[in-house]
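2 protein chains.
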Amino acid sequence: MSKPIYTSVAEAEAAFYDALARSDLDAMMTVWSEDDEVVCVHPDTPRLVGLAAVRESWRQLFAGGTRLQVRTSHHVVCQNMLLTIHNVIEHVAVEGEDRLPPPMIATNVYTRGALGWRLVMHHASPAPENPHAPAHGAAHVMH
Amino acid sequence: MSKPIYTSVAEAEAAFYDALARSDLDAMMTVWSEDDEVVCVHPDTPRLVGLAAVRESWRQLFAGGTRLQVRTSHHVVCQNMLLTIHNVIEHVAVEGEDRLPPPMIATNVYTRGALGWRLVMHHASPAPENPHAPAHGAAHVMH
């Protein structure tokens with residue numbers, strides 16, 4: 003499969019969330035940069051570094067073939083000609099299930115190279131809507 | 003207090019973790035950009051956008067005056083002349099306590115402006131060393 007060229011970050015990000023929604027591993031991996039040391043943090047799991055580890059994590063996550071509804075909102079953007087950072091709120095739900103899990107916060111970093119914009123970092127973590135208030139010591143350690 | 007000029011990202015990041023270790027709100031806020039829409043995600047809490055919200059969160063976290071030992075490791079860097087992204091593992095412990103909490107993963111984004119490098123985004127989340135393996139559906143939603 004020839005690699006698509008994403009001429010904008012919006013295209014690359016749409017491809018990322020579309021691949022996530024469809025459990026499509028090949029489509030997911032076309033979004034990631036092959037020229038950088040990529041980083042992926044799935045919520046509440048250790049950090050993954052390198053394309054092989056990132057690919058394997060998506061392969062495992064997609065093994066069930068679950069179809070999702072994915073929507074992002076409240077983008078905050080920091081960018082220049084070659085590097086773009088998006089911070090978004092992710093709303094993800096399993097198709098056919100009524101339960102709406104709490105949203106996630108994701109920081110997505112893209113670089114521009116010969117094949118257009120590619121993802122180099124995806125850091126996702128839970129965003130509880132009513133977080134418990136931690137005690138001082140714990141709060142501090144949990145900064 | 004006149005604002006320090008951080009001529010490198012390393013200086014800005016050292017100032018950030020030093021302020022965190024000393025619960026020093028003024029020092030912490032000198033690290034943050036006043037020219038960008040800043041974002042701060044403390045672990046397991048909702049995203050904060052804007053300098054006022056970010057400052058208030060650190061004020062609350064520092065209210066106990068706890069002294070910390072803070073060390074970062076395994077930096078992964080993505081950078082150009084005006085924008086730098088660091089992804090680090092944070093090891094944070096309360097001084098005088100034996101308990102070592104699990105490490106955190108942090109994505110730190112810096113921009114370069116008139117006052118040198120400043121922090122525009124800090125996204126921290128827990129990095130469990132032995133995460134539980136989620137079921138397929140849950141894993142997928144937790145992507």
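Sequence order for the protein chains is A and B. Letter by letter, the first sequence follows residues 3 to 145 in my numbering. Letter by letter, the second sequence follows residues 3 to 145 in my numbering. We put the CB at the ideal spot given by N, CA and C, even for glycine. Remember, it's a predicted structure, so these values are computed and weren't measured experimentally.
Do residue i and residue j have their C-beta atoms closer together than 8 Å?
i: valine 11 of chain B; j: tryptophan 119 of chain B; result: yes
i: glutamate 92 of chain B; j: valine 72 of chain B; result: yes
i: arginine 114 of chain A; j: leucine 84 of chain A; result: yes
i: tryptophan 34 of chain B; j: leucine 121 of chain B; result: yes
i: asparagine 89 of chain A; j: threonine 74 of chain A; result: no
i: methionine 106 of chain B; j: proline 128 of chain B; result: yes
i: valine 51 of chain B; j: isoleucine 87 of chain B; result: no
i: histidine 76 of chain A; j: alanine 126 of chain A; result: no
i: serine 59 of chain A; j: cysteine 42 of chain A; result: yes
i: alanine 29 of chain A; j: alanine 14 of chain A; result: no
Determine the extent of the beta strand (DSSP E) in which residue i is found, giving its start and end residues.
i: threonine 32 of chain A; result: Note, threonine 32 of chain A: premise wrong, no beta strand (DSSP E); alpha helix (DSSP H) at 27–33.
i: tyrosine 112 of chain A; result: 106–115
i: alanine 95 of chain A; result: 85–96
i: arginine 120 of chain B; result: 118–128
i: valine 78 of chain B; result: 70–81
Between residue i and chain B, is the shortest Cβ-Cβ distance under 8 Å, so that the two count as touching?
i: valine 1 of chain A; result: Residue 1 of chain A lies beyond the residue range present for chain A, which begins at 3 and ends at 145; the question has no answer from this structure.
i: histidine 93 of chain A; result: no
i: alanine 129 of chain A; result: yes
i: histidine 77 of chain A; result: no
i: threonine 74 of chain A; result: no
i: histidine 125 of chain A; result: yes
i: glutamine 71 of chain A; result: no
Say whether chain A places a C-beta atom closer than 8 Å to the C-beta of residue i.
i: histidine 142 of chain B; result: Its pLDDT being 49, under 50, histidine 142 of chain B is placed unreliably by the model, and nothing is read from it.
Residues of chain A with CB closer than 8 Å to the CB of residue i, please, in chain order.
i: threonine 113 of chain B; result: Cys80
Quick one: give me the first and last residue of the alpha helix (DSSP H) that residue i is part of.
i: leucine 53 of chain A; result: 53–64
i: leucine 102 of chain A; result: Counting along the chain, leucine 102 of chain A falls outside any alpha helix (DSSP H), and DSSP gives it neither H nor E.
i: valine 11 of chain A; result: 11–24
Give a yes or no on whether the minimum CB-CB distance between residue i and chain D is below 8 Å.
i: glycine 67 of chain B; result: In the structure shown, chain D does not exist; the protein chains are A and B.
Taking 7 Å as the cut-off, is the beta-carbon of residue i closer than that to any non-hydrogen atom of the ligand ATP?
i: proline 105 of chain B; result: For the ligand ATP, the structure offers nothing, since it holds no ligand at all.
- Taking Cβ-Cβ distances below 7 Å as the criterion, which residues of the region 27–50 of chain B are in contact with chain A? For the region 27–50 of chain B, which is checked against every Cβ of chain A, the residues closer than 7 Å are Asp38, Glu39, Val41, Val43, His44, Pro45, Asp46, Thr47, Pro48, Arg49.
- Query: Of the residues that make up the region 79–90 of chain A, which ones have a beta carbon closer than 9 Å to any beta carbon in chain B?
  - Reply: Taking 9 Å as the Cβ-Cβ cut-off, the region 79–90 of chain A approaches chain B at Val79, Cys80, Gln81, Asn82, Met83, Leu84, Leu85, Thr86, Ile87, Asn89, given in chain order.
- Message: Any C-beta of chain B within less than 7 Å: which residues of the region 5–20 of chain A qualify?
- Response: So nothing in the stretch comes that close.
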